[in-house]
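Protein chains in written order, with the working numbering: chain A, 133 to 568; chain B, 7 to 283; chain C, 63 to 334. In this text, a Cβ means the ideal position worked out from N, Cα and C, and glycines have one as well. Below: one structure, written as structure tokens.
What follows is the structure in structure tokens.
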């Protein structure tokens, strides 16, 4: 019987506490006269420095704008889609939220987002180049183009390399002005491969975006639109990067096939132990390298590779306003402050990414040589909008067709031609579903 | 009878039955996410499309292998552990607590931890076995590798339930058995197992359902790869609904899963009940 | 001597099931450099408490932990309080209602959870339960109920009916018979169910994610994911430290309650 009475007591107390601490306040804001307007801001920052920067900027805003108070809510990248879809469909979405442009493409056509076209202050509008605005310009679901977010952080693919091994192998050090071509990269990988050391590790757990962004080096776009209909295309341009990576794995044997299933950060233990000399990864991984490298380990950031061009596909991290927000004007004001040049430099520094703001890009804090910032920030000039961003159904093509096909191709289970055929045929079937 | 059921009925009616019926009804419409879509009745179109969808069949197959093997292995391993924990061994209390670790660990870290366990360079599996296999990206080994993780993560529930079941067996039965001179094995087979049957049936059927519905742990490990080898049906449904926004199609998939699982469970429960009586 | 194989088997089990705890502890004490080592050691070479400092300093772990504890305790005890009578009814009576109830139990467990979450969210909004811990408790109770009902009715069925009938024939009356004979035998099952409800509520993530919005109502699982980034990259050290702190209450709860897995039988034997 002791259990039962304890049960009753605890249940009552707990329920009372639960009601007391949560009940009543639904976070709604009235915005009536005298009452400050309340905005919810869902942020996805997760690195320590970046969270600190976010919090600090929100605090500065709240101090300067007593009539518009912003609540900083921390979310996480892995679950933000579930969280947003539920709150868009069920009502009660955050006023301002942080996400990335591939997600916005879907949200925009579904009518969840506020079109920001002609609503942003000129200072913000002009500080960010058109190439970046392209990554947030989408069809609004009725055929009109709208701007559905403010792009503020971008990622480029660079190469992080072991300086000692590079020097020993006697390869030419590339610079932003004179980057390596893919051929030079292949040669360097060969020179670096000896004993237990592989020249390169390609972490390809999620291979699709990476391959598609790099494919632009050889003008590979993977999609073509004719007569209002988008189809998948895998020709010589698209095959170039695929073939080169495959050659490194199985012909030159300069890339470790065991690294294929790894996520972006997984090759680091091998990198620090001289097992891999180079890692082609996003610029943000520099943070992990800087934090985890053993004492005395020297590493460098090499600029993006060059094929027939240096172009790389880019997506952006973004801030958007939800269509349901009751305080859209105030939300835009907050966003414009949050993403001004000075603040963008802080955010970029905190997340080890590239700012879209021109003002921020020349900020001394992210152009120094330390930790490869000079090379990283310079690589922003090669970023163009990733062609897949504007493709309806890309997400499903990526998950159902491209990911498995590329995994099989890199595992040497299918030939390039077979892979290309499946990417196109199965891919077009998927895209069909979105073009009814 | 009614009075006893009432407290359970209220929350169920409010929070479960409504949403459940709503979810099921979507299967017969072309519902999509978004404000620009007008939903209309679609009859059995979604089901027809499902039958012709190769990805659906592949994921059902993967789901079947996964759910059956995880449930069976989980049951056998947990029964063994529950029997041991039921013995008068020293430090039994500590052992019982330690056996709960997989369950008590927050799911966020479980995925990360197993990724490190299977890490091809720094993982303990390769260094212990002396192999050089990239477990989670290998077309042959990925599914067995996630099955081991599945067994591990579900064992505590099953063990606790079976242990509680073992405790419910009246001791007189064993005393009678001992007097008849039955050995350990015979007592287990003739007394423990039949007495435990209702609990075993209940937990294995629930385990099966849960395992069939699992996806988040596997998703963290492999994202359904390599080449769809670990794409469980629920992951498929999740992607259809939350990633691509085809609510109607996803709901049809859900209904198909319900039909398949209930049919299997029906056969299982019916056979168990018949043998029991 | 007969015990030696048993101890050996138990050891194998415990290593298999318990090693993550050691791993969590070891990771939580490691520096970032050491975590990226190719041959990871179980015992940190330069143990540090920096990860704990970061975990507690950057997130409100204590507050979130207390809220989680309240939610989990309330969910666990409410679930059992609601499920026990119903399970008894389901196990002892036959009829259409029973079939419907058991059918619902299974369907609600099989139908994809994620397809229910949007309509459920709308119901919660109507009832003004969004962003409240009470709402979260209500949802946790509802979704643990099927399990609790299903398991408890299994336990009730495994209590021989004759025992109960014998007691009530003694003139004790049905209610007395239940309380004095059935209840003690059910105790282990109740404890197992409590434990299950507690831990599933303690760890539950998806509902908490969509129901709770304000930083000052967030539960522990929501706080933990803040140490993770995109594509499975995470701040492993602070995450391990925080996770260790999140694992321990469940284990303590279990340590307290696990004796009850036995005591029911003892009580029954004494009275019987």
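Classification of residue 457 of chain A by the beta-carbon crowding that lies within 10 angstroms, buried from 16 upward | buried
Step through the CB atoms of chain A and report whether any lies within less than 7 Å of the CB of residue 272 of chain C.
-> yes
Leaving aside the five residues before and after residue 234 of chain A along the sequence, list all residues of the same chain whose C-beta is less than 6 Å from its C-beta, in chain order.
-> 447
Could you check where the alpha helix (DSSP H) with residue 286 of chain B kicks off and where it finishes?
-> Because residue 286 of chain B is not part of the residues shown, which for chain B are 7 to 283, the question remains open.
Name the one or two DSSP bridge partners that residue 245 of chain A has.
-> A:454
Compare the C-alpha of residue 255 of chain B against each of B:277, B:167, B:51, B:11 and name the closest.
-> B:51
Straight-line gap, residue 478 of chain A to residue 533 of chain A (C-alpha atoms, nearest Å) | 39 Å
Interface residues of chain B around residue 553 of chain A at Cβ under 7 Å?
-> By Cβ distance, chain B contributes nothing, its closest Cβ being about 16 Å from residue 553 of chain A, past 7 Å.
Who are residue 410 of chain A's beta bridge partners in DSSP?
-> A:293, A:332
Can a CB atom of chain A be found closer than 7 Å to the CB of residue 179 of chain C?
-> yes
Pick from C:128, C:316, C:217: whose alpha carbon is nearest that of residue 282 of chain C?
-> C:128
With distances taken Cα to Cα, identify the nearest neighbour of residue 44 of chain B among B:219, B:253, B:148.
-> B:253
For the stretch 281-298 of chain A and the stretch 407-420 of chain A, state whether three or more C-beta atom pairs, one from each stretch, are separated by less than 8 Å.
-> yes
With a threshold of 16 other CB atoms inside 10 Å of the CB of residue 408 of chain A, please say whether the residue is buried or exposed.
-> buried
Thinking C-alpha only, which one of A:501, A:487, A:411, A:512 is nearest residue 443 of chain A?
-> A:512
What are the boundary residues of the beta strand (DSSP E) that includes residue 231 of chain A?
-> 228-232
Run down chain A in chain order and give the residues with a C-beta less than 7 Å from the C-beta of residue 97 of chain C.
-> 424
Exposure of residue 155 of chain C, with buried meaning 16 or more beta-carbon neighbours within 10 Å = exposed
The stretch 19-33 of chain B contacting the stretch 229-241 of chain B, beta-carbon criterion three pairs below 8 Å = no
Cross-chain neighbours of residue 309 of chain C in chain B, by beta carbon under 8 Å | 107, 110, 111, 112
Quick one: grab the DSSP three-state call for residue 501 of chain A.
-> coil
Rounded separation between residue 469 of chain A and residue 525 of chain A - CA only | 34 Å
Closest to residue 212 of chain C by CA distance: which of C:245, C:311, C:252 is it?
-> C:252
Residue environment, residue 191 of chain B, which counts as buried when at least 16 other CB atoms sit within 10 Å | exposed
Is any beta-carbon of chain C found at less than 7 Å from that of residue 484 of chain A?
-> no
Could you spell out the range, first to last residue, of the alpha helix (DSSP H) harbouring residue 537 of chain A?
-> 535-542
Can you tell me whether DSSP reads residue 170 of chain B as helix, strand or coil?
-> helix
Counting contacts by CB-CB distance shorter than 7 Å, is residue 293 of chain C in contact with chain A?
-> yes
Could you tell me whether the stretch 209-221 of chain A touches the stretch 501-521 of chain A, where touching means 3 or more Cβ pairs closer than 8 Å?
-> no
Once you ignore the five residues that flank residue 247 of chain A on each side, which residues in its own chain have a CB closer than 7 Å to its CB?
-> 272, 278, 279, 280
Per DSSP, what kind of secondary structure is residue 551 of chain A in: helix, strand or coil?
-> helix
State the DSSP-derived secondary structure class of residue 424 of chain A, mapped to helix, strand or coil.
-> helix
What residue does the beta strand (DSSP E) around residue 284 of chain A start on, and which one ends it?
-> 282-286
Taking only runs of the alpha helix (DSSP H) that begin and end inside the stretch 85-119 of chain B, which ones reach a length of at least 4 residues, in chain order?
-> 98-104, 107-110
Which chain B residues sit within Cβ distance under 8 Å of residue 528 of chain A?
-> 245, 249, 250
Would you check if the distance between the CB atom of residue 483 of chain A and the CB atom of residue 179 of chain A is smaller than 7 Å?
-> yes
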